[in-house]
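Worksheet: the structure to be examined is printed underneath.
In our numbering, the protein residues as written are 8 to 362.
Following this line, the structure appears as structure tokens:
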């Protein structure tokens with residue numbers, strides 16, 4: 008009922024006042040691309056922003072952008088570096104964003120160990136610039152990407168937004184934890200409605216080439232061995248990208264409100280007296296890594312050659328999302344099985360690379 012009412016009000020604003028204009032940062036990225044395409048298909052006005060860096064093959068990012076440009080509708084793309092505060096301010100000054108979905112970030116757990124400055128610039132400086140722009144221009148809702156990696160050394164499963172997340176085990180995770188703290192500060196000080204989304208191992212077509220499933224498919228296609236860490240004793244809450252997008256779209260009209268009844272003495276990390284929320288977006292169904300590889304082998308039609316290796320710094324053995332808060336507030340229910348999701352990914356992979 009709550010979701011239906013919020014969506015009704017959201018659509019009413021779109022029809023009557025024509026004020027819904029959504030900024031999606033990281034629009035050349037994996038999740039950003041899928042989100043922009045979904046929003047455009049539903050008739051929203053969207054501005055995409057991305058610096059299109061070379062962390063991975065930029066031609067894949069350009070291909071995503073070409074598809075978005077061909078969709079038509081109310082869409083434009085701005086190539087900017089969010090660490091440039093003047094550029095971010097100009098972007099907001101030239102537009103009247105009613106909603107902001109901030110997905111741009113330097114990704115990758117292992118890359119953060121060897122390239123820490125890339126993370127401080129993008130994930131910290133860039134994030135503060137976005138918050139400052141929101142403070143100046145007052146969008147109705149600021150949604151941003153966090154990560155399941157913030158759970159770090161947590162061993163209680165499933166991972167809940169009500170658990171403490173003070174022990175990250177990678178620099179990447181630490182920057183995402185910092186994002187949540189910064190967002191809370193701005194929500195508290197300036198009343199900015201903010202929602203953090205802890206993504207759990209997103210996979211699917213048009214994905215990032217540095218992700219494990221993508222690396223596995225590429226190695227299998229090229230008859231090369233794959234590296235499987237912790238000797239394969241890993242579990243991940245793999246979540247198909249369309250399910251992630253469904254969760255984001257459902258949350259856009261649900262700007263959090265202040266809660267004067269919030270009790271700080273209870274110490275709940277998942278809620279606040281400020282207009283601030285954090286949600287897990289996952290599948291709530293961990294899959295053993297070796298079963299995941301078997302599914303990729305099935306759809307690739309070939310067996311993988313496997314090199315078993317020890318645990319890597321920054322990795323965790325298992326992730327599992329408690330999505331009860333998101334389900335309660337939006338009706339979110341992921342529906343894509345691993346077999347379906349991997350099947351769609353492999354079909355895209357073969358088509359895109361001509362395999």
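Ideal Cβ placement from N, Cα and C applies to all residues, glycine included.
Cβ neighbours of residue i in the same chain (closer than 8 angstroms, five flanking residues each side left out)
{"i": "residue 179", "result": "113, 114, 115, 116, 118, 119, 126, 130, 154, 156 and 321"}
{"i": "residue 161", "result": "170, 171, 172 and 174"}
{"i": "residue 223", "result": "233, 300, 303 and 311"}
{"i": "residue 328", "result": "155, 165, 166, 205, 207, 244, 246, 287, 288, 289, 290 and 291"}
Neighbourhood of residue i by C-beta, 6 angstroms cutoff - its chain only, sequence neighbours within 5 removed
{"i": "residue 39", "result": "31, 33 and 110"}
{"i": "residue 1", "result": "What the structure shows of the chain is the stretch from 8 to 362, and residue 1 is not part of that stretch, so it cannot be assessed."}
{"i": "residue 58", "result": "88"}
{"i": "residue 92", "result": "136"}
{"i": "residue 158", "result": "166 and 172"}
{"i": "residue 99", "result": "140 and 144"}
{"i": "residue 197", "result": "142"}
Extent of the continuous beta strand (DSSP E) to which residue i belongs
{"i": "residue 204", "result": "201 to 206"}
{"i": "residue 344", "result": "First-last for residue 344: undefined, no H or E at that position."}
{"i": "residue 29", "result": "28 to 32"}
{"i": "residue 233", "result": "232 to 235"}
{"i": "residue 52", "result": "52 to 57"}
Cβ neighbour criterion (16 or more within 10 Å) applied to residue i
{"i": "residue 51", "result": "buried"}
{"i": "residue 335", "result": "exposed"}
{"i": "residue 81", "result": "exposed"}
{"i": "residue 19", "result": "Unreliable placement is indicated for residue 19, whose pLDDT of 48 sits below 50; no coordinate value is reported for it."}
{"i": "residue 66", "result": "exposed"}
{"i": "residue 347", "result": "exposed"}
{"i": "residue 358", "result": "exposed"}
{"i": "residue 83", "result": "exposed"}
{"i": "residue 121", "result": "exposed"}
{"i": "residue 330", "result": "buried"}
{"i": "residue 124", "result": "exposed"}
{"i": "residue 43", "result": "buried"}
Terminal residues of the alpha helix (DSSP H) in which residue i lies
{"i": "residue 118", "result": "116 to 121"}
{"i": "residue 191", "result": "178 to 197"}
{"i": "residue 154", "result": "Element bounds for residue 154: not the alpha helix (DSSP H) but the beta strand (DSSP E), 148 to 154."}
{"i": "residue 39", "result": "37 to 48"}
{"i": "residue 221", "result": "219 to 228"}
Contacts around residue i, its chain only, beta-carbon distance under 7 angstroms, and the 5 residues preceding and following it disregarded
{"i": "residue 71", "result": "35, 40 and 213"}
{"i": "residue 251", "result": "38, 206, 209 and 288"}
{"i": "residue 3", "result": "As displayed, the chain neither begins before 8 nor continues past 362, which places residue 3 out of reach and without an answer."}
{"i": "residue 350", "result": "306"}
{"i": "residue 318", "result": "236 and 237"}
- request: Please confirm if the segment 198 to 218 is in contact with the segment 241 to 251, defined as three or more CB-CB distances below 8 angstroms between the two stretches.
  value: yes
query: In chain order, which continuous runs of the alpha helix (DSSP H) of length 4 or greater are located wholly inside the segment 309 to 345?
result: 331 to 337
task: Entirely within the segment 75 to 134 and at least 3 residues each: give me those beta strand (DSSP E) ranges in chain order.
output: 82 to 86 and 106 to 109
- request: Inspect the CB distances between the segment 301 to 308 and the segment 261 to 274 and report whether three or more fall short of 8 angstroms.
  value: no
query: Is the segment 338 to 353 touching the segment 195 to 203 in the sense that three or more CB pairs, one from each, lie closer than 8 angstroms?
result: no
query: Between the segment 163 to 181 and the segment 275 to 295, do three or more beta carbon pairs fall short of 8 angstroms?
result: yes
query: Curious, which full-length beta strand (DSSP E) runs of at least 3 residues does the segment 244 to 300 contain?
result: 283 to 288
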